[in-house]
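*Asks:*
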Amino acid sequence: MSKQNGEEEVLRLEGIRKSYNVGKPTTVEVLHGIDLTLKRSDFAALVGASGSGKSTLLNIVGLLDRPTSGELFLMGEGTRDMDDGRRTELRGDVIGFVFQFHHLIQAFTALENVLMPLMVRTGKPTREQIDRGRQLLAQVGLDGLEHRKPDELSGGQQQRVAVARALINRPALLLADEPTGNLDSKSAAEVFDLFRQFNREFGCAILLVTHDAHMSEQCDRTITMADGHIENDIF
Amino acid sequence: MAITTEWAIATKFLREGKAQSLLILVGIGLGVAVIVFLTALINGLQDNTIAKTLGTQAHIRVQPAVERNLIVPPPPGTTQLILEDKRAQRLRSINNWQQVRDILDQQPHITAVSPLISGPAFARRGEALESVALLGIDPERYQRIVNLRDAMVEGAFRIGADDALIGRQLATDLGIRVGDKLRLDGGQEREAVVNVAGIFELGVRELDARYVYLDMKQTQSLVDLPGAATIIDLTVEDIFEAEEVARRVARLTGLKAESWMETNSQLMNALRAQRLSTRMISVFVALSVALGIASVLSVSVVQRTREIGILRAMGTTRQQILRIFLIQGALFGLVGSIPGGLAGYGMIAAFNTLGPKLFFVPIDVGLLLSASSVATLTGIVAAALPARRAATLDPVEAISHV
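Residue numbers (our numbering), protein chains in the order written: chain Z, 221 to 455; chain C, 44 to 445.
#1: Given a cut-off of 8 Å, decide if F80(C) and M390(C) are closer than it, judged by their beta-carbon atoms.
#2: Please compile the residues from chain C whose C-beta is within a distance smaller than 9 Å of the C-beta of H323(Z).
#3: Would you report the Cα separation of R311(Z) and L412(C), rounded to the nearest angstrom?
#4: Quick test of your reading: G187(C) and S157(C), contact by CB under 8 Å. State the CB separation rounded to the nearest angstrom.
#5: Can you list, in chain order, the residues of its chain whose CB lies under 6 Å from that of A214(C), leaving out five sequence neighbours each side?
#6: Going by alpha carbons, who is nearest to V342(C) out of D267(C), A51(C) and G60(C)?
#7: Pop quiz: R291(C) and S264(C) are said to be a contact at Cβ under 8 Å. What is the actual Cβ separation, rounded to whole angstroms?
#8: Mind listing the chain Z neighbours of V439(C)? Cutoff is C-beta to C-beta under 8 Å, in chain order.
#9: Ordered along the chain, which non-local residues of its own chain (more than five positions away) have a Cβ less than 7 Å from that of R111(C)?
#10: Would you verify that the beta carbon of A396(Z) is, or is not, closer than 8 Å to some beta carbon of chain C?
#11: If you compare alpha carbons, which of L278(Z), D262(Z) and S261(Z) is closest to G268(Z)?
#12: As a quick exercise: from Y240(Z), H252(Z) and T257(Z), pick the residue whose alpha carbon is nearest that of V516(Z).
#13: Where A358(Z) and A330(Z) are concerned, what is the direct C-alpha to C-alpha distance, given to the nearest angstrom?
#14: Is any beta-carbon of chain Z found at less than 8 Å from that of A62(C)?
#15: Listing by chain order, which chain Z residues have their CB less than 7 Å from the CB of T360(C)?
#16: So V383(Z) is in the alpha helix (DSSP H); what residue range does that whole segment cover?
#17: Can you find a CB in chain C that lies within less than 8 Å of the CB of F415(Z)?
#18: Please state whether DSSP places P382(C) in a helix, a strand or coil.
#19: Could one say the Cβ of P370(Z) lies closer than 8 Å to chain C's Cβ atoms, at least one of them?
#20: Just curious, the beta strand (DSSP E) that T278(C) is in, first and last residue?
#21: Just to confirm my understanding: we take R144(C), look at its own chain, exclude 5 residues before and 5 after, and list those with CB closer than 7 Å. What are they?
#22: Consult DSSP for E59(C) and reduce its assignment to one of helix, strand or coil.
#23: Mind checking the stretch 340-354 of chain Z against chain C and listing, in chain order, the residues whose C-beta falls within less than 7 Å of any C-beta there?
#24: With DSSP as the reference, label L227(C) as helix, strand or coil.
#25: So I426(Z) and A396(Z) are in contact, right, with Cβ under 8 Å, and what is the actual spacing, rounded?
#26: Just the C-alpha distance for M221(Z) and V318(Z), rounded to the nearest angstrom, thanks.
#27: Alpha carbons only, please: which of R260(Z), E366(Z), K259(Z) and G298(Z) is nearest the one belonging to D351(Z)?
#28: Confirm, please, whether the CB-CB distance from L251(Z) to G273(Z) is below 8 Å.
#29: Checking the sheet assignment: what are the DSSP bridge partners for K259(Z)?
#30: For F56(C), return the contacting residues in chain Z, with the cut-off set at a CB-CB distance below 8 Å.
#31: Would you mind telling me which residues of chain Z sit closer than 7 Å to T48(C), beta carbon to beta carbon, in chain order?
#32: Under three-state DSSP, which class holds T329(Z)?
#33: In terms of residue numbering, what span does the alpha helix (DSSP H) encompassing K274(Z) cover?
#34: Buried or exposed, going by whether 16 or more other CB atoms sit within 10 Å of the CB of Q224(Z)?
#35: Using the three-state DSSP reduction, which class does P158(C) fall into: helix, strand or coil?
#36: Going by other Cβ atoms of all chains shown within 10 Å of its Cβ, with 16 needed for buried, is V196(C) buried or exposed?
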C-alpha cells in the first residue's frame, strides 16, 4: 500500500450522535451530529478541551463503541448493521491503535507484541510476518531489542513497540490517543516522526488526539472539537 | 482462526502469574490426591470385604419354593372364613434337580452350578456332642463355588463313601485329628461312622464349628431323603448382577433363588452407605477445587482487564477471549491432577507397605486417567463464568481500566 492512492477515502462519518443513559432521565448527549471524512494521505490532529468528546469520537471511529445514531463508513463499508464479530474483523483489518499508556501485553516479548494482531487472526506467524515484525521494530529504532519483555524497556521504547504493533497489519487508519502524553519531549518527537514517516510511506491515514499545541501544529490538518461539535477543521 | 494463539496467550498468562498459578495447582493437586487415595482405599476395602464374604458362600442359592397351604376356593355365593397356620418348612428335595442342574449349566452369566444336600445332625465322639450341618456335595462342582481345597489345613481334600471333611473348630471341640473316626447321628436311628480325611479352615468361626462335608449319598441317607438335593449353589460372572440373575433363575425354574446381596443385605447397605459418603466427600473436594479455580481466574480477569481490552482492540474476538480463559481452567485441572494423582498413588503405596496391612489396595491406572479428565473438565466448567466475564468486557472500559 503506498501513497499513490492518497485520495482514497478511508473514513466517513455522517451525523454521528452519541448519548449515554439513553431512555433514562439522566440522558446526556456528548456528540451532536459529527460529519467528517478522512483520506489516506491525511495526517490530522484532533484537539479540544477535555470533555469535548474527542475520546468518545475516537472510540466510535475505532469500532470499539457504537454511535447512538448516524452512520460510519470504513473503506466505504457501512458499519451500522454489522454484528460484533464482523466489527472485530474489520477493526483488525483496517485500524491500528496507539494508546496513551503503551498497553503492551506484559507476558510477551517486544516482537511477540508486535506480531499479536496477526497471531490473534491467523495463529502462528509465518516466516515472512516475523521478518516484517523485525523490520518494523528496526524502523522504530528497536533493533536488537526484539526479545525484551515490556518491563525491560523504557517508556519511550514501549510506546515505539506499540506503534510498530499498530502498523503490523498495514492499517489504512491509525488512531492514536495522546500517544506521547506519557513521554519526555525527545521520545515524543521520535514517535511523532514515526507517524509522519508511516503516513508518507504506507499511505496510512492518521488521526491523533492530542493536548500538545506544538504537536498539533505540525499536523497537516487540525480538527477542533468543542461541546460535542466539530468547531473547526483546518487543512 | 487457529487455536494456537489462544493457547500461547493462555499459557503465557499462567506463567506470568506464577505464584497464583502454583498456589492453585497445589490446591488442585491436594484435592485430586485426596480423591484418588480415598476412592482407591474404599474400592480396595469393599472388594476385599466382598471377596471375603463370597469366599465362603455362593452368589446365588436355589432352594425349593416355600410351601404354602393349598385352600380350595369357596363355591360362588358363599363366604369363607379361614384360620390358617403357616406350614412348617420340612426338608425337601428340589424336584428333578438333575435336570435343573443341567439347564442352569447352559445359562449365560452363570459360571458354576453345584447341587448339594444339606441337613442337621449331631456329631459325637465319646461323651462330647456337637450339633452340625451336614453338606453332601459333589466335590468337583462345589470346589468351583467355595475354594475348599485351599482352605484345607490338615489331611487331604478327599470326599468319598466314608471320608468326611470337618472344620478346625469342630475338630478342636471334639478333639479329633485326621484319620480319627466321627459318629454322625441324623436322628431317628440313622447313624453313620465316617473317617475324618481332612480338616479345613474357612475363616468364619460358625462354619468352621458346624460344617461337615460328606459324599451326597451318605448325606441323603443320614437326612432320609434318598436321591435328593435340597440346594443348588450358583456363581455368576458379575457379582453385582447376582440379584438380576437370581430373578431370572427363579422365573425359569419356579424355585426360590436368593442372591448374596439379599442374604447379606446388611453388608450391602453398609457398602452402599460407605460408597455414598466417599462420593460425597469427593464431590465436595472437587467443588472446593472448582471454586478455587474460579476465584483465581476471576481475579486474573480483573488484573488483565486492560490487556483484554487491548486484545479486543487488535481484532481478538469474544470467542477467542472466552477460549483463552477456558484453556487456563482446563490447564489448571490437567496440570494439577497429574502430580496430585501420583501423590495419591504414593499414599496408596505407603498404605500398602507401611499401613496396618489388613488388606491390599490395588493401584488402578484407569483411576488416574479418569481423575485427570474429571479435573480438566472441572477446570473448564469452573472457568466458564470468569471467561464469560472476560469475553463480554466492553473494550472501551477495559482499555481505560487502571
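C-beta: ideal position from N, C-alpha, C; glycine also.
*Replies:* To lay it out plainly:
#1: Yes, Cβ-Cβ distance for M390(C) and F80(C) is below 8 Å.
#2: R349, E350, G352, I353, A356 and I442
#3: Roughly 43 Å between the two C-alpha positions.
#4: In the sequence under discussion, the amino acid at residue 187(C) is Arg, which differs from the Gly named in the question. At roughly 7 Å, the Cβ-Cβ gap stays under 8 Å, so R187(C) and S157(C) are in contact.
#5: I242
#6: G60(C)
#7: 34 Å between Cβ atoms; not a contact.
#8: N279, L284 and D285
#9: Contacts found: R130.
#10: no
#11: L278(Z)
#12: The question about residue 516(Z) has no answer, for chain Z in this structure spans 221 to 455.
#13: Note on geometry: alpha-carbon atoms of A358(Z) and A330(Z) lie some 12 Å from one another.
#14: Output row for A62(C): interface = no.
#15: G305 and T308
#16: G375 to L387
#17: no
#18: Looking at P382(C) - three-state DSSP - the assignment turns out to be helix.
#19: no
#20: I274 to V279
#21: V156, P158 and I275
#22: helix
#23: V340, R341, T342, G343 and K344
#24: strand
#25: 7 Å
#26: Unreliable placement is indicated for M221(Z), whose pLDDT of 42 sits below 50; the coordinate value is still reported in the next sentence. Their Cα atoms are separated by approximately 20 Å.
#27: Measuring from the Cα of D351(Z), the nearest candidate turns out to be E366(Z).
#28: yes
#29: Paired residue(s): E229(Z).
#30: Chain Z residues near F56(C): A327.
#31: M339, V340 and G343
#32: coil
#33: K274 to V281
#34: Residue placement at Q224(Z) cannot be trusted, given a pLDDT of 47 that sits under 50; the coordinates are not used to answer.
#35: strand
#36: Flag for V196(C) reads exposed.
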